[in-house]
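The numbering of the sequence shown is the UniProt record's numbering, which starts it at 1 and goes up by one. For glycine and all other residues, C-beta sits at the position ideal for the given N, C-alpha and C.
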Amino acid sequence: MPINYLKKIQLGEFNADGYKVNPSTELESVIEGFYVFARDPKDNTHLIFNDGFPVLVFLPSREDTVNVTGQNGAFEIKAAWASAGSIKNVYIKYNNNNSDPIFIVRFYPGAFYRLFGSDALYFRYNPVAPFEYIARNNNFSIKGFFEHNSIEEKVAFVETYVQHSFTEIDTPETLHKTLNYIHKIKGKSTVRNVTHDAGVNYKWLERSFVQHIGLLPKEYIQLQRFIHAYLELVGNEDVNLMRIAISNGYYDANHFLKDFKAYTGKTPLEYLKFQSHADLRQIS
Numbered sequence: 001m002p003i004n005y006l007k008k009i010q011l012g013e014f015n016a017d018g019y020k021v022n023p024s025t026e027l028e029s030v031i032e033g034f035y036v037f038a039r040d041p042k043d044n045t046h047l048i049f050n051d052g053f054p055v056l057v058f059l060p061s062r063e064d065t066v067n068v069t070g071q072n073g074a075f076e077i078k079a080a081w082a083s084a085g086s087i088k089n090v091y092i093k094y095n096n097n098n099s100d101p102i103f104i105v106r107f108y109p110g111a112f113y114r115l116f117g118s119d120a121l122y123f124r125y126n127p128v129a130p131f132e133y134i135a136r137n138n139n140f141s142i143k144g145f146f147e148h149n150s151i152e153e154k155v156a157f158v159e160t161y162v163q164h165s166f167t168e169i170d171t172p173e174t175l176h177k178t179l180n181y182i183h184k185i186k187g188k189s190t191v192r193n194v195t196h197d198a199g200v201n202y203k204w205l206e207r208s209f210v211q212h213i214g215l216l217p218k219e220y221i222q223l224q225r226f227i228h229a230y231l232e233l234v235g236n237e238d239v240n241l242m243r244i245a246i247s248n249g250y251y252d253a254n255h256f257l258k259d260f261k262a263y264t265g266k267t268p269l270e271y272l273k274f275q276s277h278a279d280l281r282q283i284s
């Protein structure tokens, strides 16, 4: 999802312009949350990132589009997109000046693939994909979704679909506990330490991650470590790369810089300059 929204989710920065709707009790193990974010039409280009939780992102209207630019070139998405996996140097640009809210459904790792009957490696090489292809093959009516105007109606539409389509979660309990552990330590560990602390065999862990999450354990740990380092970088006036790197489990500043360049396509300072220009566009 756009990292500016993920930042608010990670920090719990909710207000009238961006808030969370909890799923019904029956779906708490499938959907992590529904999110609604207002968009400033002047702020139209954002980095896309995934912290391990697959998402569906619905644009304000069925006719709205975004341009997606990444390592695989540029393409246009209409109405809604799905994203998961390890997303590196991918940006979206909104093509419409629609200031109505963006609606996001955030799924628990593994549940998304079970729900839509897709392989966990579906997003391996195309981490940002038009939702229309997935929806068409799974009887999800995008047209029906956009016929509902209120957030309450949209939440109910998605929940009804999930209740009628979902069977059961087959994520091993040990894998679930391992994911929770990685989240708790914010990715500040190595695969070796995680396997030791979780008391599992590496081969089993790797196989389980690929089957249920679509990522290697190392990749999943990297996502958690990076997002927390990113939050510290963009939320701090004192840009001390060494301090940020070490406090978030990186070996040194170069290790952090290498990861940052891979995920954003920019150095930290270049990215902060890009962000400051976006902030100025919102103020003007």
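- Using a Cβ distance threshold of 8 angstroms, Ile102 and Phe53 do not count as a contacting pair.
- In the displayed model, Glu206 falls within a helix according to three-state DSSP.
- Distance from Ile31 to Phe107 at the Cβ level is roughly 6 angstroms; contact confirmed, criterion being Cβ atoms closer than 8 angstroms.
- If you draw a 10 Å sphere on the C-beta of Ala84, you find 16 or more other C-beta atoms in it, and that means buried.
- The Cβ atoms of Ile48 and Val155 do not sit closer than 8 angstroms to each other.
- Across the set Ile142, Tyr230, Ala120, the C-alpha of Tyr230 shows the shortest separation from the C-alpha of Gly187.
- Note on Gln224: 16 or more other CB atoms within 10 angstroms of its CB, so buried under the neighbour-count rule.
- Under a 10 Å Cβ-count criterion, Arg136 is classified as exposed, with fewer than 16 other Cβ atoms of the shown protein chains found around its own Cβ.
- With distances taken between CA atoms, Met1 lies nearest to Val68 out of Gly214, Ala111, Val68, Asp17.
- Note that the C-beta distance between Gly33 and Asn22 is below 8 angstroms.
- For Phe226, the CB contacts under 7 angstroms within the same chain, skipping 5 residues up- and downstream, are Asp259, Tyr263 in chain order.
- Residue environment: Tyr133 is assigned as exposed (fewer than 16 neighbouring CB atoms within 10 Å of its CB, all protein chains considered).
- Per DSSP, the beta-bridge partners of Phe107 are Ile31.
- The shortest C-alpha to C-alpha distance from Ser24 to any of Gly249, Asp238, Gln163 is the one to Gln163.
- Nearest Cα to Asn72 within the set Val234, Leu272, Phe123: Phe123.
- Residue pairing for Asn15: DSSP places it in a beta bridge opposite Gly18.
- For the pair Val239 and Lys218, the CB atoms are not nearer than the 8 angstroms cut-off.
- If you ignore the 5 residues before and after His228, its C-beta comes within less than 6 angstroms of the C-beta of Lys186, Asn248, all in its own chain and listed in chain order.
- The Cβ atoms of Tyr35 and Ile104 lie closer than 8 angstroms to each other.
- Excluding five sequence positions before and after Pro41, the CB atoms of its chain that fall closer than 6 angstroms to its own CB belong to Asn97, Ser99, given in chain order.
- The three-state reading of DSSP puts Leu216 in coil, since its state is none of H, G, I, E or B.
- Exclusion of the five residues before and after Pro172 leaves Ser208, His212 as the residues of its chain whose Cβ lies within less than 8 angstroms of its Cβ.
- In this chain, the beta strand (DSSP E) harbouring Thr69 covers 65-70.
- Exclusion of the five residues before and after His46 leaves Pro2, Ile3, Asn4, Tyr91, Ile92 as the residues of its chain whose Cβ lies within less than 7 angstroms of its Cβ.
- Leu27 has its alpha-carbon roughly 8 angstroms from the corresponding atom of Glu159.
- A straight-line Cα-Cα distance of about 47 angstroms links Gly199 and Ser150.
- In this structure Arg243 is exposed. Its beta-carbon is surrounded by fewer than 16 other beta-carbon atoms within 10 angstroms.
- The alpha-carbon separation between Phe58 and Arg114 amounts to approximately 20 angstroms.
- Judged by their CB atoms, Ile221 and Ser189 are nearer to each other than the 8 angstroms cut-off.
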